[in-house]
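Chains as they are written, first to last, in this note's numbering: chain X, 160 to 559; chain A, 160 to 559; chain U, 160 to 559.
Even glycine gets a Cβ: it sits at the ideal position worked out from N, Cα and C.
The next block holds one structure in the form of structure tokens; read it before the comments.
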Amino acid sequence: MGLWKFLKDYFLGFWDYETPKVMVVKNRTLGVIYRAVQFLVITYFIWYVFISQKAYQESETRPESSVYTRMTGVALLGDSVRDMVEYVRPSEGGDVISAILRQEVTHDQRQGTCPEYYMVPNANCTQDSDCIAGDVDFDGNGQKTGRCVPYYNKTFKTCEIKTWCPIEEYAAVREPPLVEAINFTVFIKNSIHFPKFKVLRGNIKKTKHDYLRRCHYQEETSPYCPVFRLGYIAEQARENFSALCETGGVIGVYINWKCDFDLDPSKCTPTYSFRRLDIRKIPYTSGYNYRFAKYYHKNGQEFRTLIKAYGIRLDIIVHGYAGRFSLIPTIINTVTAMTSVGICSIICDWIMLTFIDKNEIYSERKFDNVSKKIPQPVSTELTTTEYGSTHSDLSEGVAL
Amino acid sequence: MGLWKFLKDYFLGFWDYETPKVMVVKNRTLGVIYRAVQFLVITYFIWYVFISQKAYQESETRPESSVYTRMTGVALLGDSVRDMVEYVRPSEGGDVISAILRQEVTHDQRQGTCPEYYMVPNANCTQDSDCIAGDVDFDGNGQKTGRCVPYYNKTFKTCEIKTWCPIEEYAAVREPPLVEAINFTVFIKNSIHFPKFKVLRGNIKKTKHDYLRRCHYQEETSPYCPVFRLGYIAEQARENFSALCETGGVIGVYINWKCDFDLDPSKCTPTYSFRRLDIRKIPYTSGYNYRFAKYYHKNGQEFRTLIKAYGIRLDIIVHGYAGRFSLIPTIINTVTAMTSVGICSIICDWIMLTFIDKNEIYSERKFDNVSKKIPQPVSTELTTTEYGSTHSDLSEGVAL
Amino acid sequence: MGLWKFLKDYFLGFWDYETPKVMVVKNRTLGVIYRAVQFLVITYFIWYVFISQKAYQESETRPESSVYTRMTGVALLGDSVRDMVEYVRPSEGGDVISAILRQEVTHDQRQGTCPEYYMVPNANCTQDSDCIAGDVDFDGNGQKTGRCVPYYNKTFKTCEIKTWCPIEEYAAVREPPLVEAINFTVFIKNSIHFPKFKVLRGNIKKTKHDYLRRCHYQEETSPYCPVFRLGYIAEQARENFSALCETGGVIGVYINWKCDFDLDPSKCTPTYSFRRLDIRKIPYTSGYNYRFAKYYHKNGQEFRTLIKAYGIRLDIIVHGYAGRFSLIPTIINTVTAMTSVGICSIICDWIMLTFIDKNEIYSERKFDNVSKKIPQPVSTELTTTEYGSTHSDLSEGVAL
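Here is the structure:
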């Protein structure tokens, strides 16, 4: 066949439409099974894919978010006034904020030499030779001078060290917990942005000037007042506030945004949940505490007040999800659904051939066995004239 | 049938190849519709899936990122020099950095007793019995002592409280805004790592030592100089710098990485965008401010300087996306495309049977109706000998 | 056809089952190719999709995470004791913690006037008129007073500026590096929560009280002791600790959780990896340093100690992945696999028609060409009586 004829035949053949030949089985049982399987598949897609998973929407799961926090509250601890500047660290109001509930304060520390803590390994001694000068213990407070001195006003002796004196273990004053902190409040302002949908939302609505100064968060009555009592947060996280004052703790404050932009966009409001984040089972490691110092000069020398602070650390974590109808995912998932309906045929074919087709009526009609061997002509009274290619389903060798 | 024969037949049948029988319709109209629908589906896949969504690539959307920030600039506010150590908090140069633009300073506060602010509820009084000792107002500054005293040098009286005196509302000095801060600069160094592709990139290129000390960011001329004037940032975020000095504000600095590793990897450079993050519509809650204190000792007593700072907080947010050609997603999406082309058949079958096949020529050829009932034999001059299974499309009962 | 008849026919037709007619080719070569292609596709799905990508599981990639850090260690630098309160910033123990390894300290700065640094542009002068009063250089330390003064105790002159005096460039004392910091340790406590699976895990196991005070992290022997020597971290990040003391650096500490909840949940343990995050290639910008000040009062005036700190900043980054068997993704991917097996037919059809079917036996049997033109009747000895619709594959016009 010349190239031209080949191309011409190919071009003409390009515009043919091929459709598979189909055997229609009028078997009520099989038909019911087939439609039932189809119904199951379609129902699965409509319920799970489109309704439950909202696959007809394009979605965005990581909005851009900004958090601002501020604590309010004042209380007296003994003679000392504790306002928010005293107990809130760090000051800058970001997404991690902590309130100091209890302090162990070592006043007036100054660099010098004093006895090491007796529970530090190798600190106990009876004479100077027990203490190796220049030695620094991994767990200690400073560097040994080589002298063995009385432990402050006690009878036993420990090695003298160069450190900030007096040491914390001896001189720290354990303050009572700031129990009124249960009524302190934290104001959490959050604004999120879904760049895909170009929507900006916040967790505060426009209100009278005084509203936010006076309200507290209540899920039903005041959902737009993100001012939370520390006691409410502890309770929601199922924690005992006094226990938290003792050991400190880290509590996660989750701001959950779940927005469906096909519905009323103003229904896109956050919910709040709280959970304690530090593991409680293990002693020595649970709770939350840290040390810091306030430095000052007296008589030309530098002093510091060492503070070991126990408190609640609030980690504000923002989760956001938004979805809106979009043609592309709808088309893609609809095509996937239609394609999956093809699975019904595989199942029903198997049912048909295995269970229903006892006399092989259907399999005879469905399967046309062709082998390469050209079968012998058989004389019959059928003539083959004028049939040509319109009778391709008869064996070629049949002479009629 | 014995088990052996069954297994033998199954094994031989396993190596048969089944192909659906197909009816070729030589209808030009239908052929054109069919090819047109195919063309649409293929074009959609090539344009949207492969080119627009880059589905032939495997991608990574969350690179590991590190940010370092540093501000530079010095100005005189009245008599007081303000260098970066004065106005930048926190000092450690992480992904959140703020510059104080305006301060309300209460100098020389010391713990003691003084009159409460008159706008605090229940603070106004005429006699001692109006003030309940030990009471702490949710909105106040301290704990009531039970005495009613003149409000500083005024004629009216308020309850005396134990607090840091003098109170901020009375004694705060409102400083003028640091307007020269519009020329202060922030240097933002960012390096990201795409672990899936093992690529490390940064937003600075190797330059002369002095380049980064002198340059400012310009999108076209100096894209590798991430030194931003605060005025430029405010302008890009469409904010008025003076208004920001008044209330403070939170501005998001977005570093956007969009890298296609099939192209020149060195073309993987970041772009920067800026947007104000705190909601502006609501009074009392917009803007950005926080309080902190500087402590010192004088005459053996602890004093503090309380500062209410208004400023710009910059939240550096890094977005990264990288893609590179990968065989697996290409194969998967190609298979999905080819499978979806099957949808064309469903559509064209429907068009063919509903609109084109008026005389039911095609549906007669396409559908072979089979019912379980064995049709009556018909006498014809066809003989059935030697037909056997090669004539499975004739009714079984035809005796020829 | 009346509406009722139409609906009745449609309803009856709804319960028919259509199955494609199939031609069975008994060609051993083609059968082997067909099964081989099927085997490849199925193997790909089983290996890659189900085993490698674990597509039978639903997964969660972004657990909620909380990090707490604390450094321990003390050393003497000359005469000065440096304990953790001195070198750790910030104090609050979050997911970013830095240790100061080297300081450049400018003591006793006080607001006043003094000579500008000679390397600042336009700082050098010979007479007062060279210095423009009120001028602030972008790179300088303060505002010019308009006088030209000797540069501290040198012979040349620079412009006098109003700033914190003496300036850092002149008066800073470069302290030696804190080399013993190589043995300081950082304790990293991490707890994660997979909300989809409601599983909470931590990187510490219950141990004797003293275990965590004494142990160091070793991957094989003590994987549950997240106490890391700074030297170990530097080594793991392939960095030289002395070089880090010189320039500072940012090191990422990655806590990697990879949990398969189909296996023993207690095998869900984290691994740690370390990598230097700041780009090292570029001078002036690599390393990590920041400035801060300690303020104090002396003789009624405010002083500050300016400190330029070089150190290691540890960014704790938590990666989590968890998966568990779920019916829905298993079904979806199985359906996709089965659908993709259909691709085998397309390939094998092409092979069959192009290479194997030389005599067009198969294509004759497979393709039934139908054109709209009704072919001329041909006289044969076949009768058409009683065939009706069960013989739809013969040409309608054949008169038998």
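Asked                                                                                                                                : Found
Cβ-based neighbour list, X:Leu486, same chain, cut-off 8 angstroms, excluding 5 preceding and 5 following                            : none
Distance between X:Lys167 and X:Ala195 (C-alpha atoms, nearest Å)                                                                    : 47 angstroms
Interface partners of U:Thr498 on chain A, CB under 8 angstroms                                                                      : Thr498
Assigned secondary structure, A:Tyr413 (DSSP; H/G/I helix, E/B strand, else coil)                                                    : strand
CA-to-CA distance, A:Val358 to U:Ser499, given in whole angstroms                                                                    : 34 angstroms
Contact list for X:Tyr447 against chain U, beta-carbon separation under 7 angstroms                                                  : Tyr227
Chain-ordered chain U contacts of X:Thr148 [CB-CB under 8 angstroms]                                                                 : Summary: the structure shown does not reach residue 148 of chain X, with chain X confined to residues 160 through 559, and so no result is reported for it.
Contact list for U:Glu461 against chain X, beta-carbon separation under 9 angstroms                                                  : Going along chain X, no residue has its Cβ under 9 angstroms from U:Glu461, so there is no contact; the nearest lies around 11 angstroms.
Residues bridged to U:Asn307 [DSSP beta-bridge criterion]                                                                            : Looking at the sequence shown, residue 307 of chain U is not Asn but Cys. U:Cys307 pairs with U:Cys318.
Extent of the continuous beta strand (DSSP E) to which X:Phe230 belongs                                                              : Inspection of the sequence shows that residue 230 of chain X is occupied by Met rather than by Phe. X:Met230 -> beta strand (DSSP E) spans 223-231.
Neighbour list for U:Met182 in chain A, Cβ cutoff strictly below 8 angstroms                                                         : Glu177, Thr178, Pro179, Lys180
Interface partners of A:Gly252 on chain U, CB under 7 angstroms                                                                      : Tyr449
X:Gln110 (DSSP reduced to helix, strand or coil)                                                                                     : Not covered by the structure: residue 110 of chain X. The range shown for chain X is 160 to 559.
Interface residues of the region 406-435 of chain X facing chain A [CB-CB below 9 angstroms]                                         : none
Reduced DSSP category for U:Asp175 - H, G, I as helix; E, B as strand; rest coil                                                     : coil
Per DSSP, the bridge partner or partners of X:His352                                                                                 : X:Glu223, X:Leu359
Within chain X, the residues that U:Trp509 reaches when beta carbons sit closer than 7 angstroms                                     : Within chain X, no residue comes near U:Trp509; the closest Cβ sits about 14 angstroms away, beyond 7 angstroms.
DSSP-derived helix/strand/coil call for U:Cys427                                                                                     : coil
Test: X:Thr452 CB closer than 8 angstroms to a CB of chain U                                                                         : It is Ala, not Thr, that sits at residue 452 of chain X in the sequence shown. X:Ala452 counts as touching chain U.
Three-state secondary structure (DSSP) of A:Pro249                                                                                   : coil
Simplified DSSP state of U:Arg187, which is helix, strand or coil                                                                    : helix
Closest Cα partner of A:Leu465 within the set A:Gly299, A:Pro488, A:Glu327, A:Thr495                                                 : A:Glu327
First through last residue of the alpha helix (DSSP H) which encompasses A:Ala393                                                    : 389-395
8 angstroms Cβ cutoff, U:Val191 in contact with chain A                                                                              : yes
For X:Asn281, three-class secondary structure by DSSP                                                                                : coil
Proximity winner among X:Cys273, X:Thr366, X:His266, X:Phe462, relative to X:Thr322 (alpha-carbon distances)                         : X:Cys273
Residue-chain proximity (X:Arg524, chain A), Cβ-Cβ < 8 angstroms                                                                     : yes
X:Pro179 versus X:Ile210 - alpha carbon distance                                                                                     : 34 angstroms
Delimiting residues of the alpha helix (DSSP H) encompassing X:Ser239                                                                : Looking at the DSSP string, X:Ser239 is not in any alpha helix (DSSP H); the run it does join, the beta strand (DSSP E), is 239-241.
For A:Gly271: DSSP bridge partner residues                                                                                           : A:Thr322
DSSP state of A:Phe343 mapped onto helix, strand, coil                                                                               : coil
Cut-off 8 angstroms between Cβ atoms - residues of its own chain near X:Ile510, not counting five sequence neighbours on either side : Leu189, Ile192
Inter-residue CB distance, X:Val226 and X:Asn415 (contact presumed, cutoff 8 angstroms)                                              : Contact flag wrong, Cβ pair sits at about 14 angstroms.
Bridge partner(s) assigned by DSSP for A:Ala331                                                                                      : Answer by DSSP bridge pairing: none, since A:Ala331 is not bridged.
Best match in U:Glu379, U:Phe353, U:Phe346, U:Phe356 for proximity to U:Ile363 [C-alpha to C-alpha]                                  : U:Phe346
DSSP-derived helix/strand/coil call for A:Ser538                                                                                     : With a pLDDT of 41 at A:Ser538, under the threshold of 50, the modelled position of that residue is not reliable, and the figure given next carries that caveat. A:Ser538: strand per DSSP, three-state reduction.
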